[in-house]
Amino acid sequence: MEYTSGAASWQKVLRRLVAGLLPGRPRQRRPGWSIGVPLIAAAAGLLFTTTATTAGGTALREDRRPQLTELIEDRRDRVAAHEEQAAALRREVESRTADLAGSDAPIREQQERAAENRAAAGFTALTGLGMTVELNDAPQLDKLPEGASNDDLVVHQGDVQAVVNALWAGGAEAMSIMNVRVLTTSAVRCVGNTLLLHGRVYSPPFKIVAIGDPAALRQALAASEGVRWFKDAVDSYQLGYSERVSTVTVPAFEDSTTLRSATVPK
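This is the structure in structure tokens:
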């Protein structure tokens, strides 16, 4: 056994105390903390970057509706310009096809066949006796009717669809919504209180025109459950609804179709 004198023992104790008070070798950090700090810093940096990008140099609570309105109008102008370009290209194709039909018998035969079915397909304007139905939002009220919400005071997609389906069921030969020809492939969509049809947006009142027997059309509207619900809302919430019989004109369908193939009905 090693023998240590009392003086040596006290010297060892003193060195240990001094070593504890003076800065020495740093303590080893916990692995989790060493990894977590960089991750938290990276997440915070990403959050700050995202916030700055979203704000775009402006306050996040700033009302940006004017910018959205300008964006919508810009996109609407672009769509209109593209539609004009597409219409010009379709006219060019039709003109060149007509020129070829003069010297090519198969092309002339198919062109005549297509012309026979243009009216039934909706590619020619039609005029005849029919009905006009108009749907409109309720006027702005100082106080909502009891038990009503703002959602009850606007025309919805289902209301327009109910009228369109009833008119088809009543034997409509041709139809238009907001002076746009409606085909069997047309889809009626509402975004808020606006109508989306063939890529264009329309605001109320929504006008639906159908050519057909007025008596049959009116009877089909009266028999439609969806139309009856809307008429009940007209009485309760002052929504707008009107039916008018007159000689009407339904324009030709001018947009491009998405059909790849079709069969002409006999």
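First residue of the sequence shown: 72, per the numbering used here; consecutive thereafter.
Ideal placement from N, C-alpha and C gives every residue a C-beta, glycine not left out.
As the structure is a prediction and not an experimental result, all values here were calculated from the model.
If you count every other CB in all the chains shown that lies within 10 Å of the CB of residue i, and 16 or more means buried, which is it?
i                 : result
arginine 252      : buried
proline 275       : buried
valine 321        : buried
isoleucine 279    : buried
phenylalanine 324 : buried
aspartate 222     : exposed
serine 220        : exposed
isoleucine 282    : buried
serine 295        : buried
threonine 334     : exposed
isoleucine 143    : exposed
glycine 218       : exposed
leucine 171       : exposed
glycine 201       : buried
leucine 212       : exposed
alanine 304       : buried
arginine 132      : Low per-residue confidence applies at arginine 132: pLDDT is 49, beneath 50, and the placement is therefore not dependable enough to give any value.
Less than 8 Å between the beta carbons of residue i and residue j, yes or no?
i              : j             : result
threonine 318  : threonine 198 : yes
methionine 246 : valine 235    : yes
tyrosine 312   : leucine 206   : yes
glycine 241    : alanine 291   : yes
glycine 193    : leucine 254   : yes
alanine 258    : valine 298    : no
proline 210    : glutamine 138 : no
Kindly indicate the opening and closing residues of the alpha helix (DSSP H) around residue i.
i                 : result
phenylalanine 301 : 296 to 308
alanine 237       : 228 to 240
Start and end of the beta strand (DSSP E) containing residue i?
i              : result
leucine 197    : 197 to 207
glycine 311    : 311 to 321
valine 225     : Valine 225 -> no beta strand (DSSP E), and no H or E assigned at all.
alanine 281    : 277 to 282
valine 272     : 271 to 273
leucine 267    : 265 to 268
methionine 246 : 245 to 248
valine 262     : 260 to 262
Just tell me which of the options has its CA closest to the CA of residue i.
i              : options                           : result
arginine 146   : Gly270, Leu224, Gly173 and Ala258 : Gly270
threonine 265  : Ala243, Ala294, Val225 and Leu288 : Val225
isoleucine 208 : Val321, Phe301 and Pro285         : One point to set straight first is that residue 208 is aspartate, not isoleucine, in the sequence displayed. The residue with the shortest Cα to Cα distance from aspartate 208 is Phe301.
leucine 288    : Arg299, Met249, Leu139 and Ala243 : Ala243
alanine 186    : Asp175, Leu200, Gly201 and Ala169 : Ala169
leucine 238    : Cys261, Glu180, Glu154 and Ala293 : Ala293
aspartate 306  : Ala157, Gln181 and Pro216         : Pro216
glutamate 183  : Val316, Thr256 and Glu165         : Glu165
valine 150     : Pro285, Val272 and Ala304         : Val272
alanine 286    : Cys261, Val316 and Gly263         : Val316
glycine 326    : Phe277, Arg260 and Ala157         : The sequence shown places aspartate at residue 326, not glycine. If we check each option's Cα against that of aspartate 326, Ala157 comes out closest.
methionine 249 : Val262, Thr256, Ala176 and Phe277 : Phe277
- Quick one: complete alpha helix (DSSP H) runs, 4+ long, within the region 133 to 191? 136 to 172 and 176 to 187
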